[in-house]
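> Those sequence lines, one after another, are chains U and G. Mapping the first sequence onto the numbering used here, position 82 (from 1) lands on 82, and the numbers just tick up by one. Count along the second sequence from 1, then add 1000; that gives the number in the numbering used here. A virtual CB, placed ideally from N, CA and C, is assigned to each residue, including glycine.
2 protein chains.
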Amino acid sequence: MGGSNESIEQTRKDGDRSSSLAICLVSGGMDSCVTAAIARTENDELGFLHVSYGQRTEAREQRAFSDLADHFGIRKRLVASIEYLKLIGGSSLTDQRIKVAEANLAAREIPTSYVPFRNSHLLAIATSWAEVTGAGSIYIGAVAEDSSGYPDCRPEFYEAFQKTIDAGTKPDTHIEIRTPIINMRKSEIIERGLELAAPLELTWSCYVSEDVACGRCDSCALRLRAFADAGLADPIRYA
Amino acid sequence: MGGSNESIEQTRKDGDRSSSLAICLVSGGMDSCVTAAIARTENDELGFLHVSYGQRTEAREQRAFSDLADHFGIRKRLVASIEYLKLIGGSSLTDQRIKVAEANLAAREIPTSYVPFRNSHLLAIATSWAEVTGAGSIYIGAVAEDSSGYPDCRPEFYEAFQKTIDAGTKPDTHIEIRTPIINMRKSEIIERGLELAAPLELTWSCYVSEDVACGRCDSCALRLRAFADAGLADPIRYA
């Protein structure tokens, strides 16, 4: 009987901590695909959120988003447009006048592909949606170390945003940000994805091209290095 | 000579702390008008940012924004649309199925006009724009106590968002959130506005109507009470 009560208690606690619905940010890239696969093992239902911000490869990313949502059988889907980031500019991803640099993974500088403060916009949208739908958590596939060095991919940023959520939503709203792959190496992310049968063949990472991946931008370079480190072949095509 | 050096040092510090450009969030209401008047006394140049989120009175608010920007002689203007908040819903301001309640200023509950986590979206946009333009501060006319009780109008929220900005922008970016009227009573805001010759006649506050203010929604009720407390007549017309 004691064991049985504990088990009920545990269920209730889990229910309180993370309501069975979670919001998952899905760009359509490899990291968000693996994050979604992890989120699915931890929740009863997922809502998939894609944010378009006027980036070069948006049409291809949206196709990847839809393919992933279909694969995971997701009914709750939201595509939000924040195209004002294109008006603001300041990034090679949103401003056609700034060239997407060829990758230099050894550089310590923040690359020109940095979209100023972008992940705050993504989390703000996810939080509003979570508050209205009653979701208990938000999954985001940020990667801190083994990535491009964007400031809004570091754990400190997510810790600060968590406090912003706690302070800026209703008293009875409880939403937890989850960053399950933030400390993984890119090759580990691939390995975790394979363990969970995440459909990496449906994802899109290239910053430049929408048909065949360029293989030379930061994002392609990180992806290719990760597959090489994992000793695996990338299922998508490269130029 | 000592005095002269101190003065140079002081100028340099001020220059570091707040570059001469500031971003000011301008909804078109009374609070943002007075905040802009304050911001003008503290900065060489202002950029005005208006965010449209699918609220009922958006067209009228945009007219107020333009009128205010013209009045203050603002060249840098950005109107950003986050109409996905309408898709997300959950507020009487963005969801036509939820009625805008008549004001009950004595109630302790969060009113139905609360737009979930809205001010985070506004600050995220302002921060991205500030980072790209090199602005040193963001002014927002949030009012904590003498207002509607929205969680994202409280000082704790702005303190948390400040840390999010510090963590999520480039290391050499320094942007300070300023909330100059957050602890003022609404009647004090009007008095401060009059001292600064803020054009309150150009502002719009009503949540419901776009031609003649309804006088009955939360926002009208707060405004009317504030003018009454200040012993002044509101320059706009009411039904």
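Can you check whether the C-beta of U:R223 is within less than 8 Å of a C-beta belonging to chain G?
Within the first sequence, the letter at position 223 stands for residue 223 of chain U. No, U:R223 lies away from the interface with chain G (no Cβ there is under 8 Å from its Cβ).
> Mind listing which residues of the stretch 125-136 of chain U have their C-beta closer than 7 Å to chain G's C-betas, in chain order?
Cβ contacts with chain G come from I125, T127, S128, W129, E131 and V132.
> Using a threshold of 8 Å, state whether the C-beta atoms of U:L202 and U:A37 are closer than that.
Along the first sequence, one-based indexing puts residue 202 of chain U at 202. Along the first sequence, one-based indexing puts residue 37 of chain U at 37. Cβ distance not < 8 Å, so U:L202 and U:A37 don't count as in contact.
> Can you confirm whether U:F157, when its beta carbon is compared against all beta carbons of chain G, has any partner nearer than 8 Å?
The residue labelled residue 157 of chain U in the question sits at position 157 within the first sequence. Output row for U:F157: interface = yes.
> Return the CA-CA distance between U:G15 and G:N1043, expressed in angstroms with no decimal places.
Here residue 15 of chain U is taken as the residue at index 15 of the first sequence, counted from 1. Here residue 1043 of chain G is taken as the residue at index 43 of the second sequence, counted from 1. Bear in mind that a pLDDT of 44 at U:G15, under 50, signals an unreliable position, so the model cannot answer this.
> Work out the CA separation of U:A239 and G:I1023 for me, nearest whole Å.
Within the second sequence, numbered from 1, the residue matching residue 1023 of chain G stands at position 23. Within the first sequence, numbered from 1, the residue matching residue 239 of chain U stands at position 239. Between G:I1023 and U:A239, the C-alpha separation is close to 43 Å.
> With 9 Å as the C-beta to C-beta threshold (strictly closer), list the residues of the stretch 75-104 of chain U near chain G in chain order.
Residues passing the 9 Å Cβ filter: L78, V79, A80, S81, I82, E83, Y84, L85, L87, I88, G89, G90 and S91.
> Is DSSP giving G:R1077 helix, strand or coil here?
Here residue 1077 of chain G refers to the residue found at position 77 of the second sequence. Strand, per DSSP.
> What is the DSSP secondary structure of G:R1223, reduced to helix, strand or coil?
Position 223 of the second sequence, counted from the start, is the residue given in the question as residue 1223 of chain G. In the structure shown, G:R1223 sits in a helix (DSSP, three-state: H, G or I).
> Run through DSSP, which three-state label would U:A106 get?
As a first step, residue 106 of chain U must be located in the first sequence, where it is residue number 106. It is coil, neither helix nor strand.
> Out of U:E176, U:R237 and U:P171, which has the shortest C-alpha to C-alpha gap to U:C206?
Here residue 206 of chain U refers to the residue found at position 206 when the first sequence is read from its first residue. That would be U:R237, whose Cα lies nearest to the Cα of U:C206.
> For G:V1100, collect the residues of the same chain with a Cβ closer than 6 Å to its Cβ; drop the 5 residues on either side in sequence, then sort them by chain order.
One-based indexing of the second sequence puts residue 1100 of chain G at position 100. If we look at G:V1100 and ignore the five residues flanking it on each side, its Cβ neighbours are S1092, Y1207, V1208 and C1217.
> If we ignore side chains and look at the alpha-carbon of each, how far apart do G:I1125 and G:D1229 end up?
Mapped onto the second sequence, residue 1125 of chain G falls at position 125. Mapped onto the second sequence, residue 1229 of chain G falls at position 229. Going from the Cα of G:I1125 to the Cα of G:D1229 covers about 34 Å.
> Under 9 Å between beta-carbons, which chain U residues line up against G:P1151? List them in chain order, please.
Here residue 1151 of chain G refers to the residue found at position 151 of the second sequence. The contacting residues are A167, G168, T169, K170, P171 and T173.
> Answer with buried or exposed for G:E1195, where buried requires no fewer than 16 other C-beta atoms within 10 angstroms of its C-beta.
Within the second sequence, numbered from 1, the residue matching residue 1195 of chain G stands at position 195. G:E1195 should be labelled exposed.
> Can you give me the start and stop residues for the alpha helix (DSSP H) that G:G1149 sits inside?
Residue 1149 of chain G sits at position 149 when you count from the first residue of the second sequence. Neither: G:G1149 is in no alpha helix (DSSP H) and is coded neither H nor E.
> Check whether the stretch 133-148 of chain U touches the stretch 179-199 of chain U, counting contact only when three or more Cβ pairs, one atom from each stretch, lie closer than 8 Å.
A contact exists between the stretch 133-148 of chain U and the stretch 179-199 of chain U.
> At a CB-CB cut-off below 8 Å, which residues of chain G make contact with U:S205?
Counting from 1 along the first sequence, the entry for residue 205 of chain U is found at position 205. By Cβ distance, chain G contributes nothing, its closest Cβ being about 22 Å from U:S205, past 8 Å.
> Alpha carbon to alpha carbon, how far is G:K1076 from G:G1047?
Here residue 1076 of chain G refers to the residue found at position 76 when the second sequence is read from its first residue. Here residue 1047 of chain G refers to the residue found at position 47 when the second sequence is read from its first residue. The alpha-carbon atoms of G:K1076 and G:G1047 are separated by roughly 5 Å.
> Curious, which full-length alpha helix (DSSP H) runs of at least 4 residues does the stretch 175-221 of chain U contain?
Qualifying alpha helix (DSSP H) stretches, in chain order: 186-195.
> Out of curiosity, what's the CA-to-CA distance linking U:R192 and G:R1056?
Residue mapping note: residue 192 of chain U aligns to position 192 of the first sequence, counting from 1. Residue mapping note: residue 1056 of chain G aligns to position 56 of the second sequence, counting from 1. Their Cα atoms are separated by approximately 46 Å.
> Any beta carbon of chain U sitting closer than 8 Å to that of G:T1179?
In the second sequence, counting from the first residue as 1, residue 1179 of chain G sits at position 179. With 8 Å as the cut-off, G:T1179 does not count as an interface residue toward chain U.
> Keeping to the same chain, check which residues put their C-beta closer than 8 Å to that of U:E109; ignore five residues upstream and five downstream.
Working through the first sequence from its first residue, we reach residue 109 of chain U at position 109. Contacts found: G149.
> If I'm right that U:S137 touches U:I175 with Cβ under 8 Å, what's the distance once you round it to whole angstroms?
Here residue 137 of chain U is taken as the residue at index 137 of the first sequence, counted from 1. Here residue 175 of chain U is taken as the residue at index 175 of the first sequence, counted from 1. Right, the Cβ-Cβ distance comes to about 6 Å (below 8 Å), so this counts as a contact.
> With 16 other CB atoms within 10 Å as the buried threshold, where does U:E102 fall?
Residue mapping note: residue 102 of chain U aligns to position 102 of the first sequence, counting from 1. Counting Cβ neighbours within 10 Å, U:E102 comes out exposed, since fewer than 16 surround it.
> Pull up the distance between the alpha-carbon of U:D31 and that of U:C220, whole angstroms please.
Position 31 of the first sequence, counted from the start, is the residue given in the question as residue 31 of chain U. Position 220 of the first sequence, counted from the start, is the residue given in the question as residue 220 of chain U. Cα to Cα, the separation comes out at about 13 Å.
> How would you write the range of the beta strand (DSSP E) that G:K1161 sits in, first residue to last?
Indexing the second sequence from 1 puts residue 1161 of chain G at position 161. In the sequence under discussion, the amino acid at residue 1161 of chain G is Phe, which differs from the Lys named in the question. First-last for G:F1161: P1155 to G1168, but that is the alpha helix (DSSP H), not the beta strand (DSSP E).
> Can you tell me where the alpha helix (DSSP H) with U:I38 in it begins and where it stops?
On the first sequence, position 38 is the one that residue 38 of chain U refers to. Its alpha helix (DSSP H) spans residues M30 to E42.
> Answer with yes or no whether the minimum CB distance from G:N1119 to chain U is below 8 Å.
By 1-based counting over the second sequence, the position of residue 1119 of chain G is 119. True, the Cβ-Cβ gap to chain U drops below 8 Å.
> Could you check if U:D242 is buried or exposed, using at least 16 other CB atoms within 10 Å of its CB as the buried criterion?
This structure leaves residue 242 of chain U out entirely; chain U is present only between 1 and 239.
> How is G:L1232 classed by DSSP in three states: helix, strand or coil?
Within the second sequence, numbered from 1, the residue matching residue 1232 of chain G stands at position 232. If DSSP states are grouped into helix, strand and coil, G:L1232 belongs with coil.
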